[in-house]
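When we follow full-length UniProt numbering, the leftmost residue of the sequence shown carries the number 1, and every step to the right adds one.
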Amino acid sequence: MRAITYTRNGGPEVLELTDRPTPEPGPGEVLVRLAVAGVNPTDWKSRTNSPPGPEGQVPGQDGAGTVEAVGRGVDPAVTGQRVWVWEAAWQRPWGTAAEYTVVPLRQAVLLGAEAPFELGAALGIPFLTAHRCLTLGESVPDRMGPGSLTGRTVLVQGGAGAVGNAAIQLARWADATVVATVSSPHKAQLAAAAGASHVVDYRQQDVVAEVRKVAPRGVDVVVEVSAARNAAVDAQVVGMHGAVAVYADDGGAEVTIPVRAQMGPNARWNFVLVYTEPERAKVIGVEDVNAAVLDGAVRVGDAAGLPLHVYPLARTAEAHRAVQDGAVGKVLVDVTA
Ligand SMILES: NC(=O)c1ccc[n+]([C@@H]2O[C@H](COP(=O)([O-])OP(=O)(O)OC[C@H]3O[C@@H](n4cnc5c(N)ncnc54)[C@H](OP(=O)(O)O)[C@@H]3O)[C@@H](O)[C@H]2O)c1
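Put into structure tokens, the structure is as follows:
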């Protein structure tokens, strides 16, 4: 099969188009013929920092395609089903920038007949991260679905990012009021298209004042992309028993939190790494995200505030570079091209 592989850490130039044996599904695993792979910041960070094994590493956690074959113990009836794949390359060599990947059955989730593969490939890392952020608070339920956030307000810091977009779409599906911050009029349009009812330009406006207009008693959840820069704002807008869910590390920056001010609301500051979240949270996240897909509640593309940038497999290095350079929207690889 054709696969992108790297055998040493480095920049996008270490990614090579290679011809590799198609992997065999082991017990409990499925072989997925991929159509589209998603590219996330974690892919270039792993390529840069995590040493590949002796056989080389195929990058890519997320993807979508069709089950081609099953391993021992897996119902053969799943063969031929359309699926979305999550965490394919987490501590495994077979990522999604290839014609085929193998994953444990639970990491290949039925996509249904309607959802496009582009959506399936955009789900894993961003939507599971967003789900975790939106459900870890004390004043919100740990399950999401229509109505689960009725009467609640969510602040999404960085609403035009991939995770920010997912958080807006999921929170709207759950009937929350969603406030999003952005840095430009173009990004404001994207956050609004995703479903944010209130969009604040953090470069031009007073975020605390704007959020307080929408939620005078504070917000229930802050989905935070830049705690190092936004902690002071978050501390002023988080409401009683609210949560600040920090999912990005600002390149290793440290955060200062005003402790006494956060004791009053019993605020919860929670750090998120999607790979190592508690097992129950992961199971629920996959189920709820899939329910949102089957409901038709989450989408990709301009109309959903997530412009697509699609590269053929042979140009995966350019796709990595685009993500590394902060592409606005969702970067995908068409592995069939
Ligand atoms: N913990 C996890 O499990 C996990 C999961 C997924 C992603 N991540 C990490 O999260 C980060 C974002 O991922 P992504 O895929 O969403 O990236 P992305 O699509 O590039 O989005 C990042 C967004 O954050 C915005 N932003 C940056 N600084 C901001 C600030 N001070 N206030 C508000 N918004 C700000 C950016 O826009 P402006 O700069 O124009 O504001 C951009 O829209 C990456 O570092 C990634 O590695 C972590």
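Note that beta-carbon positions come from the ideal geometry of N, C-alpha and C, so glycine has one too.
- A distance criterion of 7 Å places the beta-carbon of G239 beyond contact range of ligand 1, judged by its closest non-hydrogen atom.
- Between E13 and T5, the beta carbon gap of about 13 Å keeps them out of contact (Cβ cut-off 8 Å).
- Taking the Cβ atoms as the reference, V140 lies roughly 6 Å from V221, within the contact range of under 8 Å.
- The beta carbon of G301 lies closer than 8 Å to those of E118, P307, L308 in the same chain, with the five residues before and after it left out.
- Linking T181 to A188 through their CA atoms gives a straight-line distance of about 8 Å.
- The C-alpha of T101 lies about 31 Å from the C-alpha of L136.
- Beta-bridge partners assigned by DSSP to D334: V36, P312.
- For T129, the Cβ falls inside the 7 Å cut-off from some heavy atom of ligand 1.
- The Cβ atoms of L134 and V286 do not sit closer than 8 Å to each other.
- D220 sits in a strand when the DSSP states are folded into three classes.
- In the structure shown, W86 falls within a coil segment according to DSSP collapsed to helix, strand and coil.
- For I4, no alpha helix (DSSP H) segment is defined; the enclosing uninterrupted segment is the beta strand (DSSP E) at 2 to 5.
- Not one heavy atom of ligand 1 falls within 7 Å of the beta-carbon of L134.
- Between V78 and V30, the C-beta gap is smaller than 8 Å, which places the two residues in contact.
- Inclusion of A245 and V225 in the CB contact set at 8 Å is not warranted, their separation being larger than that value.
- Scanning D175, E87, T153, N270 for the CA closest to the CA of G147 turns up D175.
- Counting every other CB atom within 10 Å of its CB across the protein chains shown gives M144 a total of 16 or more, marking it as buried.
- In this structure, V39 lies near H320, with their beta-carbon atoms less than 8 Å apart.
- In this structure, the C-beta of G326 approaches ligand 1 to less than 7 Å from one of its heavy atoms.
- For P27, the three-state secondary structure derived from DSSP is coil.
- A Cβ-Cβ contact shorter than 8 Å links P265 with G218.
- Under the Cβ criterion (8 Å, minimum of three pairs), the region 236 to 244 does not count as touching the region 277 to 297.
- Taking the Cβ of Y202 as the reference point, at least one heavy atom of ligand 1 falls within a distance shorter than 7 Å.
- Non-local C-beta neighbours of P93 in its own chain, meaning closer than 8 Å and more than five positions away in sequence, comprise P52, G53, E55, G56, Q57, V58, ordered along the chain.
- In this structure, the CA atom of P21 is about 41 Å from the CA atom of L190.
- P216 is classed as exposed because its beta carbon has fewer than 16 other beta carbons within 10 Å across all chains shown.
- Between the alpha carbons of L170 and A194 lies a gap of roughly 9 Å.
- Rounded to whole angstroms, the gap between the alpha carbons of A88 and A227 is 28 Å.
- Per DSSP, reduced to three states, the secondary structure at T22 is coil, with no helix or strand assignment.
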